[in-house]
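In my numbering, the protein residues as written are 91 to 267. This report concerns only the one structure given below.
As structure tokens, then:
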């Protein structure tokens with residue numbers, strides 16, 4: 091075990107080989123922010139110790155350090171942190187509605203379900219288009235005109251006739267004798 095922290099060991103190894111953080115990030119495919127965080131001893135960007143161990147192991151290999159010793163130092167350092175001192179609980183946490191919905195969705199056969207959903211959407215679109223077309227066909231074409239131009243027929247229309255002009259004789263009138 092070394093007296094310096096894992097972050098210091100990694101930073102010193104990188105600087106002794108004259109690598110920049112971006113060069114190491116390109117070579118190891120580790121984000122430069124994560125490399126910087128590890129060198130500073132900041133483990134907050136990592137959600138679990140397995141990610142920290144994996145990145146430190148990759149960096150130690152890249153710098154040609156003694157990997158088992160570096161990982162032993164890391165384990166000791168992680169044991170002193172509050173967040174990573176104990177392994178995650180194996181007791182299942184209380185499950186909510188979102189967990190149940192996610193489980194049900196994972197059980198669905200998407201190869202069968204997606205075509206059915208597409209077919210249902212297509213049928214819905216056809217029905218909607220047909221009803222819109224029927225509504226358009228039965229609509230009064232002049233209903234958009236203002237009241238000065240067009241007077242819509244009353245709801246209960248009785249057959250109406252235009253009045254005769256004055257002095258006109260109806261053609262269907264009975265003959266006068």
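Glycine included, C-beta positions come from ideal geometry on N, C-alpha and C.
In the structure shown, residue 173 falls within a coil segment according to DSSP collapsed to helix, strand and coil. Note that the C-beta distance between residue 112 and residue 127 is not below 8 Å. The three-state reading of DSSP puts residue 120 in coil, since its state is none of H, G, I, E or B.
Positions of the alpha helix (DSSP H) runs, each at least 4 residues long and wholly inside the stretch 154 to 221, are given as 157 to 170 and 187 to 197 in order along the chain.
Residue environment analysis places residue 100 among the buried positions, since at least 16 neighbouring C-beta atoms fall within 10 angstroms of its C-beta. Rounded to whole angstroms, residue 107 and residue 179 show a C-alpha spacing of 40 Å. Note on residue 97: 16 or more other CB atoms within 10 angstroms of its CB, so buried under the neighbour-count rule. According to the DSSP assignment, residue 253 belongs to no alpha helix (DSSP H), since it is labelled neither H nor E.
With a cut-off of 8 Å on Cβ pairs, the stretch 131 to 143 is in contact with the stretch 161 to 177, counting three or more such pairs. Rounded to whole angstroms, residue 231 and residue 210 show a C-alpha spacing of 33 Å. Only residues of its own chain outside the window of five on either side were considered, and among them 100 have a CB closer than 6 Å to the CB of residue 149, listed in chain order. When secondary structure is reduced to three states using DSSP, residue 139 falls in the helix class. Taking C-alpha positions only, residue 255 is separated from residue 262 by approximately 15 Å. Within the model, the alpha-carbon separation for residue 158 versus residue 144 is close to 12 Å. Residue 232 carries a coil assignment under DSSP once its states are collapsed to helix, strand and coil.
The alpha-carbon separation between residue 219 and residue 205 amounts to approximately 21 Å.
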